[in-house]
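See below for the structure under consideration.
There are 2 protein chains.
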Amino acid sequence: MHKGGLFLIKVGIVGYGNLGKGVQKAIAQNPDIELVAIFTRRQPDQLASNVDGVRFEHISTAEQFKGIIDVMILCGGSATDLPEQTPVIASMFNTIDSFDTHAKIPEFFNTVDAAAKQAGTLSVISTGWDPGLFSLNRLLAESILPEGKDYTFWGKGVSQGHSDAIRRVPGVKAGVQYTVPVQDVINRIRAGETPELTTREKHLRECYVVAEEGADQEQIRETIVSMPNYFADYDTTVTFISEEQLQSEHQGMPHGGFVIRSGVTGEGTKQIIEFGLNLESNPEFTASVLVAYARAAYRLSKEGISGAKTVFDIPLGYLSPKSAEELRRELL
Amino acid sequence: MHKGGLFLIKVGIVGYGNLGKGVQKAIAQNPDIELVAIFTRRQPDQLASNVDGVRFEHISTAEQFKGIIDVMILCGGSATDLPEQTPVIASMFNTIDSFDTHAKIPEFFNTVDAAAKQAGTLSVISTGWDPGLFSLNRLLAESILPEGKDYTFWGKGVSQGHSDAIRRVPGVKAGVQYTVPVQDVINRIRAGETPELTTREKHLRECYVVAEEGADQEQIRETIVSMPNYFADYDTTVTFISEEQLQSEHQGMPHGGFVIRSGVTGEGTKQIIEFGLNLESNPEFTASVLVAYARAAYRLSKEGISGAKTVFDIPLGYLSPKSAEELRRELL
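Listed in order, the protein sequences are those of chains B and L.
Taken in order, the first sequence gives residues 1 to 332; the numbers are from full-length UniProt numbering.
Taken in order, the second sequence gives residues 1 to 332; the numbers are from full-length UniProt numbering.
Have a look at this one:
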């Protein structure tokens, strides 16, 4: 299981969008993990002709890889893909996914847990950075500083859901939305304040829009900023740009954010814990988290543990290719 | 084990210095944890007369609390107290300690592991914030971004060892030393640079010294800044102050620092993970970490697990008084 060792963790990828491509790249950075095949609902031959050295398979053939693949990394979306795929794949393989519909996590956990326990497999659900690393830090900070208040800020980064919402507005040809944390508020919290914050006070929304020719820009702007759920509760800016600008300046998928807990110990002694990410590529980073948890899932499964797990259930030592002795010597 | 519930985790404190007092305060913030007694090498009666509502016991009576105390939190120092105390107490109780002599951790682990396994107890060694939370973050960041470089910065904060070294210089009546991270270097790393840094480039050392009457200040300054191991490798400043200033401006024990990993994914995509602490009281914060790990030790022990453990071995969910369902619903 170690670098240069005899045993490699054999992994499959389900879904070949941005996240799946990120997982493929992350596996290449981890010498103890081997990519066996990428499973897709598309025509595998068509994908294979564009990408060298990778085996593509239709998702319907997955069952034939039982006993060959140790862990399947599921790279579909939370809206429709994962609720359907995770329980099915978990009935055959250990799985990792990044299910992120917060309100539905308890229900999703129960469904996957039942499927995995029945099959004797292990499924790590809802990992990545939020849910995932941010959740770990919310838990850690709250457990250490029970008297306090925590704040999660996202960005600056592209929100896929909000970008999709912009693109549905009549007269909009293309567009992208950035979620931007309000720096002044973050500075106040870092200085020890614990303000009660409205949605509007925490984040701004910046929209970059390419309008159809002849479209009424003022009408588009008004439709966007007053859209309920997505933009109405925020200070939203709309900037019209050319298609060329969109291509040259807005193709990256940066993201990041902070979890900050401001707490007190003793007689009002201020203590601040902060975790932050600054990511040039959200999908590549999320993919890297999934791959580290694939290593953990493999090990836990080898120990005979089954069922659904979250980041809260897994010792961090399981994420590393290093032995417990090496970790104590080098990293403690 | 829950708030208002029937079962409380019964804890003892061994050692009543700054850390022990911090643990006492932290227990008061955790309704599921009860302080049974504080064990000391001093005369327990003398301590009891100054502190209300707490039971003090001589350390020699600890054995009488077997079966009564669930976890002993060891608050002695790493130089001489813990190497002696942890194995002895671990042969009777679950323990938590903050052993922080990095080079000796492997040997300490083995000694404690043997004692705890023989006794069927569980010992969490070397927790706190470094080793402890910083170690967790070094491990997490390295596992997710295998290609990268990490940096640990400490401060601004008081270093006890360096303050002691100042006070041993002839002509020095009193003094305190602050370790100060070089902000400019941190900014460069946050911006994506991965510099190779010498000791001198990472931290400054600021000394505030009260000289004996008639002492040669220039001689004191020269002795401090050229002291091998402690100051010679750093840019060190020495400021002479009055005893009143020392009392009014330098009695706090602030500390903190950062673990930053700057890594790449894919084709040179920059990804930065950062964890930081800003602490008004180092001992109170360390104590709060020990108390959260006492909860984890209790639970692991109830599951029949024994031996020495580190922060790398323990799922973070064990630190919280909340159930796994609550954690998934509220924090994931």
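Even glycine gets a Cβ: it sits at the ideal position worked out from N, Cα and C.
On a predicted model such as this, the values are computed, not experimentally measured, just so you know.
task: Using a Cβ cut-off of 9 Å (strictly closer), state whether Phe-7 of chain B contacts chain L.
output: no
query: Rounded to a whole number of angstroms, what is the C-alpha to C-alpha distance between Leu-332 of chain L and Asp-100 of chain L?
result: 31 Å
query: How should Ser-288 of chain B be labelled, buried or exposed, when 16 other C-beta atoms within 10 angstroms of its C-beta is the threshold for buried?
result: buried
- prompt: Residue ranges of each beta strand (DSSP E) run of no fewer than 3 residues wholly in the stretch 135-171 of chain B, ordered along the chain?
  reply: 148-154
field: Backbone CA spacing between Ala-48 of chain L and Ser-159 of chain B [nearest angstrom]
entry: 59 Å
field: For Thr-194 of chain B: DSSP bridge partner residues
entry: Beta-bridge pairing links Thr-194 of chain B to no other residue.
Minimum length 3: unbroken beta strand (DSSP E) runs contained in the stretch 45-88 of chain L: 56-58, 71-74
message: List, in chain order, every chain L residue whose beta-carbon is nearer than 8 Å to that of Arg-188 of chain B.
response: The premise fails here: Arg-188 of chain B is roughly 13 Å from chain L at the closest Cβ pair, so nothing lies under 8 Å.
- request: Note down, in chain order, each residue of its chain lying with its Cβ closer than 8 Å to the Cβ of Asp-216 of chain L, except the 5 sequence neighbours on either side.
  value: Gly-171
task: Using the Cα positions of residue 383 of chain B and Tyr-151 of chain B, report the straight-line distance between them to the nearest angstrom.
output: It is not possible to answer for residue 383 of chain B, since the shown part of chain B is limited to 1 through 332.
- request: Apply the 10 Å Cβ neighbour rule to Arg-205 of chain B and answer buried if 16 or more other Cβ atoms are within range, or exposed otherwise.
  value: buried
- request: Could you have a look at Tyr-208 of chain B and say whether DSSP puts it in helix, strand or coil?
  value: strand
- prompt: How many whole angstroms separate the CB atoms of Ala-141 of chain L and Val-112 of chain L, which I take to be in contact at a CB cut-off of 8 Å?
  reply: Not really, about 27 Å apart at Cβ, beyond 8 Å.
query: Cβ of Thr-265 of chain B less than 9 Å from any chain L Cβ?
result: yes
task: For Glu-325 of chain B, return the contacting residues in chain L, with the cut-off set at a CB-CB distance below 8 Å.
output: Pro-106
message: Counting only Cβ-Cβ distances shorter than 8 Å, please list the residues of the stretch 21-37 of chain B near chain L, keeping chain order.
response: Gly-22, Lys-25, Ala-26, Gln-29, Asn-30
query: Quick one: what does DSSP say Pro-106 of chain L is sitting in, helix, strand or coil?
result: helix
query: In chain B, which residues lie less than 7 Å from Val-289 of chain L when you measure between Cβ atoms?
result: Ile-144
query: Near Glu-280 of chain L, which residues of its chain fall below 6 Å by C-beta distance, leaving aside the five closest residues on each side in sequence?
result: Pro-254
message: Tell me the rounded alpha-carbon separation between Gly-67 of chain B and Gly-192 of chain L.
response: 42 Å
- prompt: If you count every other CB in all the chains shown that lies within 10 Å of the CB of Ala-28 of chain B, and 16 or more means buried, which is it?
  reply: exposed
query: Would Asp-70 of chain L count as contacting chain B if we go by Cβ distances under 9 Å?
result: no
- prompt: Less than 9 Å separating the beta-carbons of Val-210 of chain L and Phe-231 of chain L?
  reply: no
- request: Taking 9 Å as the cut-off, decide whether the C-beta atoms of Ser-301 of chain B and Thr-121 of chain B are in contact.
  value: yes
field: Beta-carbon proximity check, Ile-59 of chain L vs Thr-86 of chain L, cutoff 9 Å
entry: no
- request: Could you name the residues that DSSP lists as bridge partners for Gln-177 of chain L?
  value: L:Cys-207
- request: Would you decide whether Arg-55 of chain B is buried or exposed? Buried here means 16 or more other CB atoms lie within 10 Å of its CB.
  value: exposed
message: Just to confirm my understanding: we take His-250 of chain L, look at its own chain, exclude 5 residues before and 5 after, and list those with CB closer than 7 Å. What are they?
response: Val-176, Tyr-208
query: Does the stretch 129-143 of chain B come close enough to the stretch 310-330 of chain L that 3 or more CB-CB pairs lie under 8 Å?
result: yes
field: Close-in-space but distant-in-sequence residues of the same chain around Trp-154 of chain L (CB under 8 Å, 5 per side omitted)
entry: Asp-130, Thr-179, Pro-181, His-203, His-255, Gly-256, Gly-257
message: Does Pro-195 of chain L pass the burial test, meaning 16 or more other C-beta atoms within 10 Å, or should it be called exposed?
response: exposed
- prompt: Would you say Glu-243 of chain L reaches chain B, if we count a Cβ-Cβ gap shorter than 9 Å as a contact?
  reply: no
- prompt: Can you check whether the CB of Val-11 of chain B is closer than 9 Å to the CB of Gly-20 of chain B?
  reply: no
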